[in-house]
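Using numbering that gives the first Met the number 0, read the sequence shown as starting at 0 and increasing by one per residue.
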Amino acid sequence: MKRLSFVLAILIGLSMLLASCQPAVTEAPVVTEPTTEAPAVTEAPVATEAPAEAPPEEFVREETLYMGGTQWGPPTGFNPWNLGNYAAGTFGLCYEPLFIYDPLADEFVPWLAESGEWTSDTVYQVKIRQGVTWSDGSPFTAADVKATFDIAKDAPVSISPVWKFLGSVEAVDDYTVNFTFTTALYQGWSYYLYSTPMISKAKWEGKPVEEVTSGLNPEPECTGPYIAESLDQTKVVWLKRDGWWATEALGLDPKPKRIVDIVNSGNNNVALGMVLQGQFDLNNNFLPGISKLVDGGYGVHTYYPEAPYHLSANTAWLLMNLTKKPMDDPAFRRAVAFAIDVSQIVNVVYGGMVLPANPTGLLPNWDKYIDQAVVDEVGFSYDPEEAKVILAAAGYKDTDGDGFVEAPDGSKIDLKINNPNGWTDWMESNKVIANSLKAVGIKAEPNFPDYPEYVSQRNDGTYDMMISNDAQIANTPWRYYLWMGRNPVADVATMQDGNYGRYENQEVFDLTDQLDQVPTDDIEGMKTIISKLQRIYLTDMPLIPLWYNGMWSQTSDAYWTNWPSSEEGAPHWTPVSWRGYWNMTAIRMLTDLEPAGE
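In structure tokens:
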């Protein structure tokens, strides 16, 4: 206890010093969270005492799992279609998909579906698992699956784009569903299989479009292992339900009686202190300097016991607005790629807690799709002298002697690099990027607009450069290329789902569409198309992969053990509660937990 008290005293004292620089967080995207840079301390990272909104001891602690890192702002309801706004856990703990996808093993696992197969080139048949019930006791059947997809015809929800290539959904019998496609887009369909929450026909059929898309759905029906017990301004509480189908069918039993998801305070130092004190069992924020606690033996763990500590979740890019000069010049963009010292970001800003991105940007779980010969031929690495050579050859020269190059037409270059204010690991990374560009003669300044303004400039195409990491780990790299080359460009502002640089390249669009039509088990066919895409992107450089953001996960052994880990014999699941990750095996994390007292 003396050791812990000593550490806490240091942390609390240091947190007072940093408190003045912690911004108020008002909004954040689904997975990317506001963060703080690692402070310079020798004993342990900064943390604070538990805040006023710390988990109240209203439940039996040994039966309750406290977690945080997903919910930004007070939870309002349980509508699985209201993306980014539904209470954390709505999709995963309550609503479930047909399959779950394991990104670490690269395999699909039957879930509400017992099986699924292509019975012809354009028909995919799903066999529904029998014995699944909704929380009101009614059976889950093929009619519910059909209703889930039919509702997306009229209501603009996350799965509505499937109707661009899906012709019809037929409930053949109570436990068989046929999906007939006008065009078989195998890659896209594989994504919907694990990312679509199944809803109840009885509850949802006939609802007005507005209620479907933005209604609160305060009393959700659930096939999952938990039901919604309560929510307030600070938390959402999930209660374990009796009769979850997977207990009998798969022998899976979630251990916590309750799960309490705490609303993020906006101060990650507070969250760090709560993890250290055992008040958070699981926290999925970026917690700066967490390696100090992992290495120090304080009962705090990450997926890896040493650097990089976390799995990789998404790629951080430098996006460039290709509608503005000089970002419309491929030579200028390529010079920028060679100029950026990513190692400075990885090792100094993140302290080795992230990995540098491959020049293709493909995540580590997609390594098999990287054409190394293409990377060796047209890839890039940190080489400021090469950046200067490229600039000079393209006509960029310092004509007025101020240390910065002018464009070939003699115009001044004065750029801003955006990232949201308060995301201080990105802010520090932004400074590294700006300094790297200045070192090769490109004038660029970090710019930190509030998050709503950052999004507005991104969608309107009024920014110069920006850091972004929207596209997450998925079952297929087609999702990555779809995000980079979202087409048509005219839809970017309204879709808010990629190609924010306004990259126009019909060959890329066509190749991405061709990739979508390759069956997911045709790895060589996928590689052939992906190789062509890599060559074009590495030549044109419309955006620059920088580093892999971590699948941030910090766990405490105070009340629960057997967390997912890279250690031999440990469960190897995704250890995060973010939206879109329960269906990528995070739900299995709950079934493998063990009470600390056992």
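Where a beta carbon is used, it is the ideal one built from N, C-alpha and C, also for glycine.
Look at PHE77 here: in three-state DSSP terms it is coil, with no helix or strand label. With respect to the 7 Å criterion, SER555 and PRO574 are not classified as neighbours on the basis of their beta carbons. Scanning SER342, TRP80, PHE279, THR314 for the CA closest to the CA of HIS300 turns up PHE279.
In this structure the segment 187-198 touches the segment 95-107; the number of beta carbon pairs closer than 8 Å is three or more.
With at least 16 other beta carbons inside 10 angstroms of its own, PRO224 counts as buried.
The straight-line gap separating the alpha-carbon atoms of ASP459 and TYR453 is approximately 10 Å. Under the three-state reduction of DSSP, ALA151 is assigned to helix. Rounded to the nearest whole angstrom, the CA to CA distance from VAL168 to MET319 is 41 Å.
Here ILE150 is not near THR195, since their CB atoms are 7 Å or more apart.
Per DSSP, reduced to three states, the secondary structure at ASP512 is helical.
Cβ contact annotation for VAL431 (same chain, cutoff 8 Å, sequence separation greater than five): ILE339, ASP340, GLN343, ILE344, VAL347, VAL348, in chain order.
In this structure the segment 383-391 does not touch the segment 534-554; the number of beta carbon pairs closer than 8 Å is below three. Partner residues in the beta bridge of THR63, as assigned by DSSP, are ARG257. In the DSSP secondary-structure assignment, VAL348 is not bridged to any residue. Listed in chain order, the non-local C-beta contacts of ASP397 below 8 Å within the same chain comprise PHE403, VAL404, GLU405, GLY440, local neighbours out to five positions each way being set aside. Every beta strand (DSSP E) stretch that sits fully inside the segment 441-467 and reaches 3 residues is listed by chain position as 443-446, 464-467. It is roughly 26 Å from the alpha-carbon of PRO307 to the alpha-carbon of TRP482. The Cβ atoms of PHE508 and GLY484 sit closer than 7 Å to each other.
For TYR308, no alpha helix (DSSP H) segment is defined, and its DSSP state is neither H nor E.
The shortest CA-to-CA distance from PHE164 to any of SER134, SER137, ASN420, THR121 is the one to THR121.
In the displayed model, TYR302 falls within coil according to three-state DSSP, outside both helix and strand.
In the structure shown, LEU238 falls within a strand segment according to DSSP collapsed to helix, strand and coil. Check the Cα spacing between GLU106 and each of THR519, ALA201, ASP328, ASN504: the tightest is with THR519. By the neighbour-count criterion, in which a residue is buried when 16 or more other Cβ atoms sit within 10 angstroms of its Cβ, PRO304 is exposed. Sequence-distant partners of GLY130 (beyond 5 residues in either direction) whose C-beta falls short of 6 Å from its own C-beta, in its chain, are TRP244. In the DSSP annotation of this structure, the continuous segment of the beta strand (DSSP E) that includes ASN417 starts and ends at 414-417.
Spanning the alpha carbons of LEU103 and GLU218 requires a straight line of approximately 34 Å. In the three-state DSSP reduction, ALA87 falls in the coil class, being neither helix nor strand. Between the alpha carbons of LEU82 and THR527 lies a gap of roughly 34 Å. LYS396 has GLU405 as its beta-bridge partners, per DSSP.
DSSP, reduced to helix, strand and coil, places TRP577 outside both helices and strands of the structure shown, so it counts as coil. Nearest in C-alpha terms to GLY579, of all of ILE529, ASP469, TRP559, is ASP469.
For ILE535, the enclosing alpha helix (DSSP H) begins and ends at 522-539.
Cβ contact annotation for ALA443 (same chain, cutoff 6 Å, sequence separation greater than five): LEU414, ILE416, ALA433, LEU436, in chain order. Membership of GLN186 in any beta strand (DSSP E) is not indicated; the residue belongs instead to the alpha helix (DSSP H) covering 185-194.
At the C-beta level, ASN263 and GLY67 come within 7 Å of one another.
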